[in-house]
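Each remark here refers to the structure printed beneath this line.
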Amino acid sequence: MASAAPATVTTRYAGRRVERVEDTRLLTGRGTFVDDIVRPGMLHACFVRSPFAHAKINGIDATEALALPGVRAVFTAADINPEVKEAWHAVAGRDMPDTPRPPLAAGEVKFVGDPVAIVIAESRYVAEDAVDLVEVDYEPLPAVVDFRTALTSPVAVHDAYPDNNAGGMAGAPPDEETFDSAAHVVKEHVYQQMYVPVPIETRGLVVEWQASPGELTIWASTQTPHELRAFAARLLGIPAQHVRVIMRDTGGGFGQKVVPMREDMCIMLAARKTSGALKWIEDRRENLMSAGQSRHVDGDVRMAFDSDGNILAADIDFVQDIGAYPTPYPVLTTAAIGMFFPGPYRVPKASFNYKTVFSNTAGLHAYRGPWQYETLSREILLDIAARKIGIDPVELRRRNLLRRDEMPYFNPNGMPYDHVAPAETFEQAVKILDHEGFRKQQAEALAQGRYIGLGFSAYIEPTGAATGHLASEGATIRMESTGKINVYVNGGSTGNSLETTVIQLTADALGADIDDVATIQGDTAVTPYGAGTQGSRSAPMTAGAVNEAGTMLRNQIVAMAAAWLGVEESEIELGGSKATVRSDPDKSVTFGQLAYRAYYEPQQLPPGLSASLEATARYTAPPTAPIHWANATHACTCEVDIETGQVTLTRYIVSEDVGPMINPNVVEGQIAGGTVQGIGGALLEQLAYDDAGNPLSSTFVDYLLPTATEVPAIEYGHVEIPGPGVGGYKGAGEGGAIGSTPAVINAVNDALAPLGVTITTLPASPAAISAAIEAAIETRGKDH
Amino acid sequence: MELNNEFRVAVPAAKTWEVLTDVRRVAPCLPGATLLDVDGDEFTGAVKVKVGPITVSYKGEAAFQEKDAGTQRVVLKASGKETRGNGTAAAVVTAQLKDEGADSTLVVVTTDLQISGKAAQFGRGVLSDVASTLIDQFARSLEAELLGGTSPTPGTSETTSDTAGSEQAQQGAPINALALAKVMAVPMAKRFAPAIAAVAAAGLLGFLAGRRRSKSQPGLRPEDLQAALLRLVS
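Listed in order, the protein sequences are those of chains A and B. Per this note's numbering, the first sequence runs over residues 1 to 784. Per this note's numbering, the second sequence runs over residues 1 to 234.
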């Protein structure tokens with residue numbers, strides 16, 4: 001762990017519950033979201049989308065649409081698609097194979113919502129009206145809607161993939177000898193439904209092309225402004241320095257806004273053909289129908305145990321739905337499910353095997369902890385195993401969880417765990433919960449005919465993984481002529497409070513008063529390249545970048561202050577936006593005085609001392625910090641109404657280790673948000689399709705999100721084991737969404753265990769629970 | 001998807017059969033249906049229904065596939081396309097009459113419905129509610145027709161233009177609004193469902209649209225209140 005607390009600095013903001021600097025702006029309705037952007041002569045785009053899951057396009061007639069007053073253009077694949085120069089994503093890299101991703105559907109539509117044409121009009125209203133006037137001659141074709149049947153279906157989503165298999169991978173083959181000879185072997189089939197990020201702000205962008213200098217400006221709702229800029233330059237074949245991306249406030253991304261998608265490509269390409277800026281704002285129905293799908297995995301998992309309940313081997317074999325047009329290339333990203341399946345446990349032997357398969361549904365995209373199925377399926381399996389072996393799930397986990405003294409530990413798939421102690425978050429959660437007390441209550445409740453349950457889930461999570469373009473991050477820190485400080489990072493306000501934490505870190509790096517520090521983020525014209533908010537990387541990577549640039553600027557401030565005060569640099573201490581002589585605290589100079597001299601009296605500086613009060617630096621994760629392993633244990637209690645199948649969550653505990661916290665409020669906010677998303681995935685949310693491929697939950701009437709009434713107060717426990725990077729910080733963005741779904745399902749299964757009911761097909765909706773209870777009663781009736 | 005409904009009318013099966021297989025007489029009984037053209041057993045129709053934020057209009061054709069007086073079974077095949085937008089609806093509707101004595105006929109309606117587009121995204125739950133409400137309404141109108149209402153002349157069923165027609169349907173057709181309000185009541189009670197009506201109507205007999213049928217309406221009824229509320233919240 002490199003120090004983020006230099007000896008020359010006395011103040012410390014990191015670790016404190018500093019109020020969010022974003023709050024005043026956002027809570028008073030003064031945020032600037034992409035739809036707030038208005039440009040002179042701006043035009044509006046709306047997509048014509050397929051009503052069929054699979055159909056041939058025999059023709060498109062835009063005559064009537066073009067005749068509508070206010071309509072400027074209607075573009076189809078023939079106009080847009082040939083203009084694509086390069087369309088690869090940084091996460092996969094330039095040389096990776098890729099699955100098809102045409103901007104507009106050409107020849108065939110492959111899911112309901114597939115964009116077929118773009119209408120450009122003077123207002124959104126006119127554009128929407130005109131969309132209905134575009135006549136598309138479709139010839140419906142058979143569709144493969146259920147990915148579980150896709151590998152053997154006679155229908156191919158893409159002709160180039162006749163068996164709908166986009167690719168897969170396998171690790172070592174399963175050790176069947178161990179499975180054959182083990183004292184206990186538990187096997188389960190776990191199906192996870194399709195559910196999605198649902199950001200409160202849908203996708204959208206405003207693209208303005210200025211033909212004479214050939215410059216493109218993009219205002220975007222994005223998690224990755226710099227990579228959007230690089231992508232736009234590649235897509236249009238224009239120099240990157242001619243593209244500027246500006247993002248101010250983004251109303252949530254959760255993975256959906258990491259990688260530019262087909263509609264983004266369309267708008268960028270169409271904007272070059274229109275006069276004036278072009279705005280596209282996705283509506284909610286489009287978002288739920290077309291933005292993409294996530295989670296949707298079907299698999300078999302098994303574990304072998306010795307007679308004491310020690311894990312001997314773990315195996316996972318699964319299929320991931322990737323829809324028609326996954327973004328980005330799905331084959332490698334899916335590998336994480338297999339590689340992390342052993343989780344935070346001592347697992348001597350592990351194996352995995354998977355395939356990614358196309359279907360006539362919306363394409364796979366990232367969603368907060370995209371590999372969540374590894375934790376879901378493993379933790380469900382462990383509870384089933386505990387019941388089968390006849391020990392409490394707590395005891396089974398306790399026997400197998402990795403301890404601090406076992407680090408570093410390589411899981412059998414080669415994952416190098418370190419700076420983490422899963423057993424410690426687990427024991428903390430058990431203690432907060434009062435496990436023994438709950439078991440007593442549970443027995444009493446059962447005696448009264450009430451079914452209450454307790455579920456645990458433990459996971460280990462790779463945060464800030466230094467792979468490819470994610471391995472480095474830049475920062476510029478500038479002291480202005482007033483002595484105030486601005487810090488420039490890619491960052492961006494997507495709800496993860498990076499403005500607050502970056503200001504805290506910068507104030508600490510320089511010994512500045514926090515009120516003297518501001519930040520500018522998300523504008524590629526003024527911020528250094530950064531890979532954006534993804535992979536739970538912002539805290540560790542941005543902390544590294546601020547530390548690098550902050551160290552350079554601090555050294556410059558110290559040098560100027562030493563000269564001003566006539567002492568050695570080692571005598572200077574920074575704090576409260578001033579430099580003080582350590583041995584003589586009455587002697588000091590303020591940052592304002594130093595900045596005035598540097599900007600307005602540079603000739604007063606000693607010869608050879610630079611007047612520069614800014615620094616730009618790029619942090620690259622060192623080989624000692626390839627991954628910052630975070631870990632958490634979730635514990636949930638619930639009551640199940642066995643008449644209605646209704647689940648009421650009664651307590652929710654998260655004990656987590658994200659290293660030292662820059663700001664506990666921010667960490668807890670991240671955990672809470674993710675946890676609620678996972679609760680929704682366990683009980684409510686489902687992006688459903690009918691047999692013909694019609695999406696059945698494209699409004700909030702049918703797509704059920706958890707609200708305050710479904711979520712109990714979340715209780716937090718913190719274990720702070722410093723990670724290997726700067727400040728010991730680890731990522732906190734995704735974990736909540738990983739751990740919560742299995743904890744809730746395990747609590748439901750624990751409650752229903754006396755009835756012999758185990759839910760392994762998600763979501764655990766009231767209907768599913770009632771049906772399972774009825775089926776169990778019927779089976780029992782037959783047995784007796 | 002398959003929708004199953006049934007209704008009773010207080011007239012003998014033979015008389016029911018007569019009306020049910022005469023498209024000119026049965027069409028006006030369909031909540032919202034407008035008959036555009038009849039050519040033997042083939043005919044065309046149109047609909048435009050607005051409920052809450054969703055408007056769906058279909059124009060399409062239908063034909064009797066089977067009219068078997070012996071088995072008292074009639075099969076109608078219908079298909080339509082949204083007049084604005086590219087959604088489609090196709091239905092095979094089977095009506096089986098069962099004579100229950102002198103003054104009662106049970107009609108069992110099975111609808112095999114295939115739809116695409118906006119309307120398809122409301123799922124079976126809402127569509128079933130819509131279908132059964134519309135069938136109830138249809139049954140009442142049919143019964144009124146059977147019990148001696150004057151046979152509507154084909155000439156009066158001609159439709160106005162889509163836009164004007166829908167305005168008239170909204171303002172001048174309590175039957176329509178009433179049906180829609182009932183359709184809305186259950187889902188709304190659950191969770192503010194923006195209901196749809198047109199599709200189920202399409203499922204009913206393949207064509208619909210508003211046309212005032214009854215000469216006299218009773219005073220304010222609960223359903224009318226619901227309709228008014230519906231307009232307020234939609």
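Virtual Cβ for every residue (Gly too), placed ideally from N, Cα, C.
- Message: Rounded to whole angstroms, what is the Cα-Cα separation between G483(A) and V9(A)?
- Response: Your numbering for residue 483(A) matches position 483 in the first sequence. Your numbering for residue 9(A) matches position 9 in the first sequence. Going by C-alpha positions, G483(A) is about 17 angstroms away from V9(A).
- Short CB-CB distance (under 8 angstroms) between G117(B) and chain A: By one-based count along the second sequence, residue 117(B) stands at place 117. Taking 8 angstroms as the CB threshold, G117(B) lines the interface with chain A.
- Query: What are the boundary residues of the alpha helix (DSSP H) that includes C266(A)?
  - Reply: Walking along the first sequence from the start, residue 266(A) turns up at place 266. Residues R262 to A271.
- If you compare alpha carbons, which of E601(A), L235(A) and L594(A) is closest to A512(A)? Position 512 of the first sequence, counting from 1, holds the residue named residue 512(A). Nearest C-alpha to A512(A): L594(A).
- Message: I want to see whether chain A comes within less than 8 angstroms of T88(B), judged by CB atoms only; does it?
- Response: Numbered from its first residue, the second sequence carries residue 88(B) at position 88. So, interface residue.
- Reference A362(A); option with closest CA among G369(A), A291(A) and A304(A): Reading the first sequence from its first residue, position 362 is the one you call residue 362(A). Scanning G369(A), A291(A) and A304(A) for the CA closest to the CA of A362(A) turns up A291(A).
- Query: When you compare only the Cα positions, how much space is there between A78(A) and A117(A)?
  - Reply: Here residue 78(A) corresponds to residue number 78 of the first sequence, with the count starting at 1. Here residue 117(A) corresponds to residue number 117 of the first sequence, with the count starting at 1. If I take the Cα positions, the gap works out to 10 angstroms.
- Task: Using a threshold of 8 angstroms, state whether the C-beta atoms of V186(A) and L381(A) are closer than that.
- Result: For the purposes of this step, residue 186(A) is taken as residue 186 along the first sequence, with counting starting at 1. For the purposes of this step, residue 381(A) is taken as residue 381 along the first sequence, with counting starting at 1. Cβ atoms of V186(A) and L381(A): closer than 8 angstroms.
- Just to confirm, are T524(A) and Y488(A) a CB contact at a threshold of 8 angstroms? Counted from its first residue, the first sequence places residue 524(A) at position 524. Counted from its first residue, the first sequence places residue 488(A) at position 488. Taking 8 angstroms as the cut-off, the Cβ atoms of T524(A) and Y488(A) do not count as close.
- Item | Start-end ranges of the alpha helix (DSSP H) lying completely within the stretch 49-113 of chain A, minimum 4 residues | 63-67 and 77-80, all fully within the stretch 49-113 of chain A.
- Query: Cα-Cα, which of D132(A), E22(A) and E108(A) is closest to L66(A)?
  - Reply: Locating residue 66(A) in the first sequence gives position 66, where the first residue counts as 1. It is D132(A).
- Query: Ends of the alpha helix (DSSP H) at W371(A)?
  - Reply: As a position in the first sequence, residue 371(A) is number 371, starting the count at 1. Secondary structure note for W371(A): it is in no alpha helix (DSSP H), with a DSSP letter that is neither H nor E.
- Under three-state DSSP, which class holds Y716(A)? Reading the first sequence from its first residue, position 716 is the one you call residue 716(A). Residue state, collapsed to three classes: strand.
- Could you have a look at F254(A) and say whether DSSP puts it in helix, strand or coil? Along the first sequence, read from residue 1 onward, the residue named residue 254(A) stands at position 254. Note: F254(A) maps to coil in three-state DSSP.
- Is A635(A) helix, strand or coil when you go by DSSP? Position 635 of the first sequence, counting from 1, holds the residue named residue 635(A). Correct three-state label for A635(A): strand.
- Item | Contact set between the stretch 42-67 of chain A and chain B, restricted to residues whose Cβ is under 7 angstroms from the partner | Of all residues in the stretch 42-67 of chain A, P51 and F52 have a Cβ within less than 7 angstroms of some Cβ in chain B.
- Message: Looking at the strands, I want to know which residues DSSP matches up with Q534(A).
- Response: Mapped onto the first sequence, residue 534(A) falls at position 534. In the DSSP output, where bridge partners are listed per residue, Q534(A) has none listed.
- Query: DSSP on G659(A), reduced to helix/strand/coil?
  - Reply: The residue labelled residue 659(A) in the question sits at position 659 within the first sequence. Assigned with DSSP and collapsed to three states, G659(A) falls in coil, not helix or strand.
- Query: For the 8 angstroms Cβ check, are there 3 or more pairs between the stretch 734-746 of chain A and the stretch 362-379 of chain A?
  - Reply: A contact exists between the stretch 734-746 of chain A and the stretch 362-379 of chain A.
- So, is R94(A) buried or exposed, given that buried needs 16 or more other C-beta atoms within 10 angstroms? For the purposes of this step, residue 94(A) is taken as the residue at position 94 of the first sequence. R94(A) comes out exposed.
- Exposure of F410(A), with buried meaning 16 or more beta-carbon neighbours within 10 Å: Start at 1 with the first residue of the first sequence, and residue 410(A) comes out as number 410. Exposed: under 16 other Cβ atoms inside 10 Å.
- Would you mind sorting G727(A) into buried or exposed? The rule is 16 or more other CB atoms within 10 Å of its CB. Mapped onto the first sequence, residue 727(A) falls at position 727. Looking at its Cβ environment, which holds 16 or more other Cβ atoms inside 10 Å, G727(A) is buried.
- Item | Residues of its chain near P154(B), where Cβ-Cβ distance is below 8 angstroms and the 5 sequence neighbours each way are ignored | Here residue 154(B) refers to the residue found at position 154 when the second sequence is read from its first residue. At P154(B) the pLDDT is 36, less than 50, meaning the model places this residue with poor confidence and gives no usable figure here.
- Message: Considering just the uninterrupted stretch of the beta strand (DSSP E) at F438(A), what are its terminal residues?
- Response: Translated into the one-based positions of the first sequence, residue 438(A) becomes position 438. Premise fails: F438(A) lies in the alpha helix (DSSP H), H435 to A447, not in any beta strand (DSSP E).
- Item | Coil, strand or helix - D249(A) by DSSP | By one-based count along the first sequence, residue 249(A) stands at place 249. In this structure, DSSP gives D249(A) an extended state, which the three-state scheme calls strand.
- What are the complete alpha helix (DSSP H) segments, minimum 4 residues, inside the stretch 180-237 of chain A? List check, alpha helix (DSSP H) in window: 225-236.
- What does L133(A) reach in chain B if we use C-beta pairs closer than 8 angstroms? Taking the first sequence and counting its residues from 1, one reaches residue 133(A) at position 133. Result: R84.
- Query: In chain A, which residues lie less than 9 angstroms from A120(B) when you measure between Cβ atoms?
  - Reply: For the purposes of this step, residue 120(B) is taken as residue 120 along the second sequence, with counting starting at 1. Going along chain A in sequence order, the residues near A120(B) (Cβ under 9 angstroms) are P51, V112, D690, A692, N694, P695 and L696.
- Message: For chain B, check one thing: does any of its Cβ atoms lie closer than 8 angstroms to the Cβ of Y191(A)?
- Response: Locating residue 191(A) in the first sequence gives position 191, where the first residue counts as 1. Among the residues facing chain B, Y191(A) is not included, as its CB has no counterpart in that chain under 8 angstroms away.
- Which bits of chain A does Q114(B) rub up against, with CB to CB less than 8 angstroms? The residue you call residue 114(B) lines up with position 114 of the second sequence. Near Q114(B) (Cβ distances below 8 angstroms), the residues of chain A are A692.
- Message: Please report the distance separating the alpha-carbon of N663(A) from that of V198(A).
- Response: Along the first sequence, read from residue 1 onward, the residue named residue 663(A) stands at position 663. Along the first sequence, read from residue 1 onward, the residue named residue 198(A) stands at position 198. Each residue's alpha carbon lies about 26 angstroms from the other.
- For T476(A), which residues does DSSP report across the bridge? Along the first sequence, read from residue 1 onward, the residue named residue 476(A) stands at position 476. Within the DSSP secondary-structure output, T476(A) pairs in a beta bridge with Y488(A) and T616(A).
- Item | chain B contact for V676(A) (CB, 8 angstroms cutoff) | For the purposes of this step, residue 676(A) is identified with residue 676 of the first sequence, where counting begins at 1. No, V676(A) does not count as interfacial toward chain B.
- For V207(A), decide whether its Cβ has a neighbour in chain B, counting only Cβ atoms nearer than 8 angstroms. Residue 207(A) sits at position 207 when you count from the first residue of the first sequence. Taking Cβ atoms only, chain B never reaches closer than 8 angstroms to V207(A), which makes this a no.
- Message: So if DSSP puts P140(A) in a beta bridge, which residue, or which two residues, is it bridged to?
- Response: The residue you call residue 140(A) lines up with position 140 of the first sequence. Beta-bridge pairing links P140(A) to A55(A).
- Task: Indicate whether at least one CB of chain B lies closer than 8 angstroms to the CB of Y138(A).
- Result: Here residue 138(A) is taken as the residue at index 138 of the first sequence, counted from 1. Chain B contact via Cβ: present.
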